[in-house]
Amino acid sequence: MVFPNSGQSRCLWTACSALALSIFSHGVVHGQHPGLTRFEAEARENARGYEWLAWSTTAIGHRLTGSPQGARAQAVADSLFRLAGVDRVSQHPFTAQAWARGTVMLRLTDGAGTEHLAAVALAQTPDSADVEGDLVDLGNGLAEQYAQLKDRVAGRVVLMNIGLVDAPKGTGNLHRSEKAALAIRHGAIGIVFVNNVDGGVLLTGTASIDGATIPVPAACIASEDGLRIRGRLNAGASLRVGLRMTNRIGTVQARNVVAEIPGSDRAHEVVVVGGHLDSWDLATGATDNGLGAFSIVDMARAVVASGHRPRRTLRFILFMGEEQGLLGSEAMVADLKATGELERVRCMINMDMTGDPFGFGVVGPAGWGPLVDTLMAPIHAMDTAFRMDLKEQAWLHSDHQSFLLAGVPVINPLCDLGGHVYGCYHSSCDDVHLVDPRDMVNNVRFVGALLLQLADAPALPGHFTEEGLGARLRADGLEEKLRMAGQWRW
Ligand SMILES: [Zn+2]
C-alpha cells in the first residue's frame, strides 16, 4: 500500500446519533440487526486473528509472491478459512512475472577514497545491472525538481527522498514508482532512494508503475547515509556512484485465496472484502499486510460463528502479488470481467495495513458516501472509539485500485497505526511485535459490522459510469499518476 494524503474528513454523526442511540445501548445491539449482535460478540470474545498472524510469522516467515513462503502462505490461508467454518473456499490462480532480490552493491567515490553503503534493491529492477555515474541530488524527486535540474539528470545517478523532506505545506508526494518513472524519463542511469526513517532502516517496494521491469537499477539507503552524502555534496564534493545488482525475474503461478459465504435472497449480489496476503521479504510483513489478511480470515470466522446468514453473498479475498504491482487483484478483476461476474460485485472493501479503524474512506458514485455514513452510526453505538470519520477521496496503489478502475465502488477503513508502524513499512523491521492484538479485534468488529450491514441493506447504489469514473479520478487529482502508469483511458 501507500499512505493516502490526509484530506478533509467529514462526520455527519450528529444527524444519526439520535436514531442510533434509540437502537443501541450499553454496547449491545438491540432490535434492528440481530446478526450484528451475535457477530460483535464473536468478534470480541473469540478473536483468533492475532494468534494466526503470530503463528504464521514464525512458521512461514515472509510471504513474497513466487517464493516457497508465499506458496505456503496461500495453503495456510486456505486451511484457516476452512478451519473458520467457511464451506466455499477456492484458489484463484494467476500467472505473474515475479521478482526476487539477489545481490546489490552500492559504492561511493570522491576521487580520493571509496566507501560501500548498506542498500537494498527496489523491486522490478533489472536482473542484472552495473552502472557508474556522477551523483546528482534531486531532493524529493518531484516534477518541480526537474524544472531546475533537468539538464543535469541524463547520464547520471540520482539521489532522492522516498518521503517528503522540507517541502512547502500542501505539497503532494509521489509514489516511489512514479518518482522512478520521472527519473528514467529524464535519462537517469541509476536511482538511489533515501529512506526517511531514522535508525538505519532500509526499505523495499516496487519501483515500477506498470509492473514491468524498469531499465535502470534502483536501491534504497538509510536516512543517515543520505544525510551524510548530502552534506558532502553541499560542501562541494563531486561524488560518483557505482550501483551493481543482480535479481531474479521469472514467470510464476500464484493464487489468490477466496472464501465465500453465500447470501440468502440476494445471493447473486456480492460484497467483497479483500486485502493482500503477500508481503515483502525483508521481514515478516506483519503489519503489511498480515494485519489485514488475518483479520479478514477472522472476520469470516466470526460471521460463520454468528450464525447470521446475510442477504447478499460475502466474498473474502486474500490477494497475492499486491506488492509487485496489484498483480493478483488485477488478474481477479480481469477474470470477473471476462465471465460477466463483475456486475454482481456491488462494492469492494480493502484492508491494507488496516488496524482499529475509526471511519471509512468511500469512493463511489452518488449515494455511496451517505449510505456508508448512515451505516457507521450503529458501529459508533457499539463503541464510541469508532469516530465515524468519512473521507471521500480516491487514492491508488493497493488492491482496491483494480476494482475502482473497473467502476466498482471501493471502501477503505481509515486508521492510524502510529509512527512506529509506518516507519517499518516495507522494511527490515516490519515484524509481529508492531501489531497490537486489539487493532485486529477492532478490524473484525468495525469492518465486519459495515460488511454485514452492506450485505443486508435494502438496496445499494450502483457502479460508476465510465464518464463518472473519469470525472471523479480527475477531480481527485489522479489523472497524471494514472497517465504515468499507462492507465488513463478518458
Ligand atoms: Zn500493503
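Residue numbers (the working numbering): -13 to 476. Where is the CB? At the ideal position from N, CA and C, for every residue including glycine. Everything numeric in this text was worked out from a predicted model, so none of it was measured.
| Item | Value |
| --- | --- |
| C-alpha gap between SER281 and ARG93, whole angstroms | 42 Å |
| Same chain, Cβ closer than 7 Å to GLY173, neighbours up to 5 away in sequence not counted | VAL139, ALA140, GLY141 |
| Residue nearest to ARG34 in terms of C-alpha spacing, selected from GLY463, GLU452, ASP442, ARG424 | ARG424 |
| 8 Å contact criterion, which GLU308 and SER384 should meet: CB distance rounded | 7 Å |
| Segments of 3+ residues assigned as beta strand (DSSP E) that fall wholly inside the segment 141 to 190 | 143 to 147, 176 to 180 |
| Start and end residues, beta strand (DSSP E) containing THR89 | 74 to 95 |
| Cutoff 8 Å: ASP462 Cβ touching any chain C Cβ | Note that chain C does not occur in the displayed structure, where there is just one protein chain. |
| ASN275 beta carbon near ligand 1 (any heavy atom closer than 7 Å) | yes |
| For HIS262, the three-state DSSP class (helix, strand or coil) | strand |
| Where MET306 sits in the DSSP three-state scheme | coil |
| DSSP state of GLU329 mapped onto helix, strand, coil | helix |
| Those runs of the alpha helix (DSSP H) which lie wholly inside the segment 330 to 407 and span at least 4 residues | 354 to 368, 386 to 390 |
| Coil, strand or helix - SER414 by DSSP | coil |
| Backbone secondary structure at ARG475 - three-state DSSP | coil |
| Close Cβ partners of GLY249 (< 6 Å) along its chain, the five nearest in sequence each way excluded | PRO296, ARG297, ARG298, THR299 |
| Other residues of its chain near SER267: CB distance less than 6 Å, five sequence neighbours each side excluded | Looking at the sequence shown, residue 267 is not Ser but Asp. These residues qualify, in order along the chain: HIS48, LEU50. |
| Opposing strand residues paired with ARG301 [DSSP bridges] | GLU246, VAL258 |
| For LEU376 and VAL418, believed in contact at Cβ under 8 Å, the rounded distance | Not a contact, Cβ separation roughly 31 Å. |
| Whole-angstrom distance between ALA59 and ASN428, CA atom to CA atom | 23 Å |
| At least 3 beta-carbon pairs within less than 8 Å: the segment 407 to 417 vs the segment 253 to 271 | yes |
| Beta-carbon contacts of VAL433 that lie in its chain and below 6 Å, excluding the five residues immediately before and after | PRO399 |
| Beta-carbon proximity of ASN275 to GLY261, cut-off 8 Å | yes |
| heavy atom of ligand 1 below 7 Å from SER414 C-beta | no |
| Straight-line Cα distance separating ALA380 from LEU464 | 8 Å |
| Where the alpha helix (DSSP H) through ILE215 begins and ends | 209 to 220 |
| VAL421 and LEU189 closer than 8 Å at C-beta | no |
| C-beta contact flag for GLU452 and ARG330 at 8 Å | no |
| Secondary structure of GLU465, DSSP reduced to three states | helix |
| Burial state of LEU69 (16 or more Cβ within 10 Å) | exposed |
| Near ligand 3: MET337 beta-carbon under 7 Å from a heavy atom | Ligand 3 is not part of this structure, which contains only ligand 1. |
| Other residues of its chain near ARG230: CB distance less than 6 Å, five sequence neighbours each side excluded | MET91, ASP116 |
| GLU316: CB within 7 Å of a non-hydrogen atom of ligand 1 | no |
| Near ligand 1: HIS262 beta-carbon under 7 Å from a heavy atom | yes |
| Endpoints, beta strand (DSSP E) assigned at LEU66 | That residue, LEU66, is in no beta strand (DSSP E); its alpha helix (DSSP H) goes 54 to 69. |
| Distance between beta carbons of ARG301 and VAL258, contact taken as under 8 Å | 5 Å |
| Rounded straight-line distance, which links the Cα of ASP462 to that of SER8 | Bear in mind that the predicted position of SER8 carries a pLDDT of just 35, short of 50, making it unreliable; the figure below should be weighed with that in mind. Taking the straight line from one Cα to the other gives about 37 Å. |
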